[in-house]
Amino acid sequence: MYKILLKQDLVPNIHLFKVAAPAVAKKAQPGQFVVIRIDEKGERIPLTIADWDEGEGSVTIVFMEVGTTTHKLALLQTGDFITDFIGPLGLPTHIDEFGTVVCVAGGFAVATIMPIARAMRAKGNQVISIMGARNKELLFWEEELRRVSDQLIVTTDDGSYARKGLVTEPLKELLEGDGKVDRVIAIGPSIMMKFCSKTTEPFGVKTVVSLNPIMVDGTGMCGCCRVSVGGETKFACVDGPDFDGHQVDWDLLFARQRIYLDEEKCSFEQWQSQSGILK
Amino acid sequence: MPKLNLNREPMPRQDPKIRSKNFNEVALGYSAEQAQAEANRCIQCPKRSCTEGCPVEVDIPGFINAIREGDMPEAVKLLKDKNSLPGICGRVCPQETQCEATCSLAKKDAPIAIGRLERFVADWERANMQSASSLPAQPAPSGKQVAVVGSGPAGLTAAADLVKLGHSVTIFEALHVAGGVLMYGIPEFRLPKDIVQAEVDYVASLGVKVELDSVIGKLVTLDELLNNDYHAVFLGTGAGLPMFLNIPGENLNGIYSANEFLTRVNLMKAYRFPEYDTPVKVGRKVAVIGGGNVAMDSARCALRLGADEVYIVYRRSEVELPARREEVENAQEEGIEFKLLTNPKRMLGNEQNWVVGMECYEMELGEPDDSGRRRPIVKEGSEFIIDVDVVIVALGTTPNPLIASTTDGLETTRWGTVVADEETGKTVKSQVWAGGDIVTGAATVISAMGAGKRAAASIDEYLRG
Ligand SMILES: Cc1cc2nc3c(=O)[nH]c(=O)nc-3n(C[C@H](O)[C@H](O)[C@H](O)COP(=O)(O)OP(=O)(O)OC[C@H]3O[C@@H](n4cnc5c(N)ncnc54)[C@H](O)[C@@H]3O)c2cc1C
Ligand SMILES: Cc1cc2nc3c(=O)[nH]c(=O)nc-3n(C[C@H](O)[C@H](O)[C@H](O)COP(=O)(O)OP(=O)(O)OC[C@H]3O[C@@H](n4cnc5c(N)ncnc54)[C@H](O)[C@@H]3O)c2cc1C
Ligand code: SF4
Ligand code: SF4
Ligand code: FES
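Rendered as structure tokens:
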């Protein structure tokens, strides 16, 4: 059992948990993830490690409510327990001296890109971060991300805060601008990662994306997470989750993310009616 | 000498029509009278040829004699002396090629049903004996610590033997449940999970610490274990990496590895979705590719989930099916259709990327290959399409490279198995032993246990040396 040391509601449907997991905290690196299972009947779901504190023995995760598991998770409070917390899984993000690195984050991924931006900066890169959300209410950690970046650009889809538009627009301007961009890291919803990759492709700038296919074990034993990269089948949990965005077969990823749409709906409706949370 | 009784006592089983719709155990076990009757058939051969066929050399005439004399605690003791997991082996050992194959009565086609009797004794123990009373006396602590990686039959056996010898033992298991393939692979209807759990609990009650959720190679590396107080490590991580066919269309929705399908169903209990959160796709027409135990288990799970039609697609003929005969018969009785001498060429999908068909070749058998079985050859121009909406690929597994790739100085073969001495389990890396599927590739429960036992003896010798 893993204790929730701290819960924070970042925005109405995105939450942060600091979880006591000393052994994971000792090993965690930017870009890795954990697999959690809430309780005996729960599903195993992957969540990126957003931060860790070896001294305190804690690992931070940030998640968005989308279906049964993440809604159940959101009901837990500081002091509650999560049954299983397995990690750190996946390969760490490749951190090196690249020059100028643009970190693009969509939605909840502002949290997950933080350790990457921080590590890139510590390596001596110039870090330009772009964060985007649908509207002002869904924005969080602007100041936190600014602190680990040399420059920060904020966008909202509806223009309710900062610059109106999608994250790909400032990204394109940076690529077209005077300064050279040596590497782009894009993390967020799959569709956003796809369009960031499409944006950078004509400029030939290496673009790393963190893929989020459905997973079960997260250790390479089931093949549920298979993705196609450069025409080869890869297991995202052990060969990734980071891959070259220009090589990813995005349509396959989108299709495989929809495998359980009917079942997810059924499970969610059942949970809603049982827990009395009817919309 | 009394006349030989050649009538094997049949095993009561659930009716095929009923069992194909539930996940309860198929074989129901002998009653006391049936066990007596079967035990009475044993002629107590002084040569003990049956024991020679058992990889862990169970005293078969001895425990059968104890059943005959009605001394069940003695039967338990004799059995457990060599086999710490009789409730499991009695159910899943391929007895027909092991102990029962070498039984003297096998020549008359009526070997003693040793597996069934073994199961009977184990089930009697669970129902009637306090586990505490069967705990061995506390050994003198040796002051040495051993890490066992993996909690399948190899790891559980090694851990139990080592702790009984006075060493302090910790098992590290990647999954959230201990038991390995016994928990995530073999289905409930063939091996009830409470039986596996009872065996795991027994090993823990001996004093073995079990650390779940611990992926060695990620959370800690093998070298770190050795640097952090462990005097020896036993690797029993099995062969958990699924193989695919590498044919076009294999990543379509609806195509599973057997590992994924069985893990969803058995470990995550998707057969009880949505009570349990993990879903699995219930196909209408399901094709399972392969002919081993894993394929039979996958097919029978798919049927129980509610599929209308389930096919086993296998490239050789019936005699070459590697699965246990009993399981093939069970599958046939339940209505699984066998499409033999058939091999997939490619998978066909619809616009939503769902698999809708499987294009297959007809095959014929040629000259024997390296494995001694006749080689399947494609009949050119024989392509035909099978309609499917779920496909399960059960072609076999190889060891997961997670540990070998994060450890200095472990030798592996080109199949990814770890090289270890057959007698002792010793690897080329000092202080490291290995056994079970990680060394042999996918094999059997009892051979994994045998390897765990031999390694424990060798580790003990090393620690005391
Ligand atoms: C490596 C990795 C890191 C991730 N990191 C984060 C993170 O930091 N924060 C966050 O909010 N989300 C993250 N996700 C996505 C997160 O795992 C899913 O949102 C979660 O599993 C949904 O579960 P659910 O039961 O609430 O929803 P469901 O009803 O099960 O599904 C809703 C949606 O989530 C997707 N999904 C369902 N099950 C899984 C699964 N097992 N794995 C991945 N996606 C799934 C489905 O495509 C579906 O569209 C990550 C995914 C991966 C693979
Ligand atoms: C579906 C199916 C049906 C079968 N039916 C039969 C049968 O009827 N009869 C029979 O005799 N045999 C059968 N077998 C084969 C038998 O189950 C295996 O040979 C046996 O379980 C191997 O035991 P093991 O201890 O070597 O490995 P496993 O049982 O595979 O256990 C290995 C354990 O190690 C864990 N692990 C792996 N990597 C790590 C890591 N990095 N860190 C920590 N833990 C790790 C795994 O999660 C797993 O729990 C079947 C196998 C399958 C898949
Ligand atoms: S362990 Fe297996 S092979 Fe040995 S006697 Fe028991 S059933 Fe037979
Ligand atoms: S060989 Fe068969 S008949 Fe003889 S002792 Fe063994 S089980 Fe009994
Ligand atoms: S999640 Fe099972 S192999 Fe990646």
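Line by line, the protein sequences are chains A and B.
Everything in the first sequence is counted per the working numbering, starting at 4 for the first residue and increasing by one.
Everything in the second sequence is counted per the working numbering, starting at 11 for the first residue and increasing by one.
Ideal Cβ placement from N, Cα and C applies to all residues, glycine included.
Short CB-CB distance (under 8 Å) between residue i and chain B
| i | result |
| --- | --- |
| alanine 26/A | yes |
| isoleucine 85/A | no |
| leucine 92/A | yes |
| glycine 226/A | yes |
| lysine 282/A | Any reading at lysine 282/A must be qualified, since the residue scores a pLDDT of 47, below 50, and its modelled position is unreliable; the value itself is stated next. False, the Cβ-Cβ gap to chain B never drops below 8 Å. |
| lysine 30/A | yes |
| isoleucine 273/A | According to the sequence displayed, residue 273/A carries glutamine and not isoleucine. Chain B, which has a Cβ nearer than 8 Å to the Cβ of glutamine 273/A, makes this yes. |
| alanine 258/A | yes |
| isoleucine 194/A | no |
| glycine 243/A | no |
| aspartate 54/A | no |
| threonine 66/A | First, the amino acid is wrong: residue 66/A is phenylalanine here, not threonine. Chain B contact via Cβ: absent. |
| isoleucine 7/A | no |
| threonine 71/A | yes |
| arginine 40/A | yes |
Residue i Cβ short of 7 Å to ligand 5 heavy atom set
| i | result |
| --- | --- |
| aspartate 220/A | yes |
| alanine 268/B | no |
| phenylalanine 246/A | no |
| phenylalanine 238/A | yes |
| methionine 193/B | no |
Chain A within 8 Å of residue i, Cβ atoms only
| i | result |
| --- | --- |
| phenylalanine 73/B | no |
| tyrosine 286/B | yes |
| threonine 273/B | yes |
| alanine 467/B | no |
| lysine 228/B | yes |
| aspartate 223/B | yes |
| histidine 186/B | yes |
| alanine 142/B | At alanine 142/B the pLDDT is 49, less than 50, meaning the model places this residue with poor confidence; the figure from the coordinates comes in the next sentence. Taking Cβ atoms only, chain A never reaches closer than 8 Å to alanine 142/B, which makes this a no. |
| glycine 426/B | no |
| serine 161/B | no |
| lysine 291/B | yes |
| phenylalanine 254/B | yes |
| glutamate 183/B | no |
| serine 267/B | yes |
| methionine 368/B | no |
| glycine 406/B | no |
| methionine 193/B | no |
Residues of its chain near residue i, where Cβ-Cβ distance is below 6 Å and the 5 sequence neighbours each way are ignored
| i | result |
| --- | --- |
| cysteine 113/B | Cys60, Pro121 and Ile122 |
| glutamate 209/B | Leu95 |
| arginine 29/B | Val36 |
| valine 159/B | Phe182, Ile226, Leu245 and Thr247 |
| valine 38/A | Arg47, Pro49, Ile89 and Gly221 |
beta-carbon residue i near ligand 3 non-hydrogen atom, thresh 7 Å
| i | result |
| --- | --- |
| proline 49/A | no |
| asparagine 93/B | yes |
| cysteine 103/B | yes |
| cysteine 99/B | yes |
Cut-off 7 Å between Cβ atoms - residues of its own chain near residue i, not counting five sequence neighbours on either side
| i | result |
| --- | --- |
| valine 66/B | Lys92, Asn93, Ile456, Met459, Gly460 and Lys463 |
| proline 25/A | Gly60 |
Test: residue i CB closer than 8 Å to a CB of chain E
| i | result |
| --- | --- |
| asparagine 360/B | In the structure shown, chain E does not exist; the protein chains are A and B. |
Cβ-heavy atom distance, residue i to ligand 4, below 7 Å
| i | result |
| --- | --- |
| arginine 58/B | yes |
| glutamine 46/B | no |
| cysteine 370/B | no |
Ligand 2 heavy atom lying under 7 Å from the CB of residue i
| i | result |
| --- | --- |
| arginine 334/B | yes |
Close Cβ partners of residue i (< 8 Å) along its chain, the five nearest in sequence each way excluded
| i | result |
| --- | --- |
| isoleucine 217/A | Cys227, Cys228, Arg259, Gln260, Ile262 and Tyr263 |
| phenylalanine 254/B | Glu260, Ser267, Val403 and Leu405 |
Check: residue i C-beta below 7 Å from any heavy atom of ligand 1
| i | result |
| --- | --- |
| glutamate 267/A | yes |
| valine 66/B | no |
Curious, which full-length beta strand (DSSP E) runs of at least 3 residues does the region 190 to 271 of chain A contain? Taken in chain order, the complete beta strand (DSSP E) segments of 3 residues or longer contained in the region 190 to 271 of chain A are 210 to 213, 229 to 232, 235 to 238 and 245 to 247.
Whole runs of the alpha helix (DSSP H) within the region 172 to 203 of chain B, excluding any shorter than 4 residues: 191 to 194
Quick check on the DSSP output: what are the complete alpha helix (DSSP H) runs of length 4 or more inside the region 69 to 118 of chain A, in order along the chain? 71 to 77
In the region 208 to 251 of chain B, which residue ranges form an unbroken alpha helix (DSSP H) of at least 4 residues, counting only runs that do not cross its ends? 232 to 237
Where in the region 25 to 61 of chain B do unbroken runs of the alpha helix (DSSP H), each at least 4 residues long, occur, reported from the N-terminal end onward? DSSP runs (the alpha helix (DSSP H)) wholly in the region 25 to 61 of chain B: 26 to 29 and 42 to 51.
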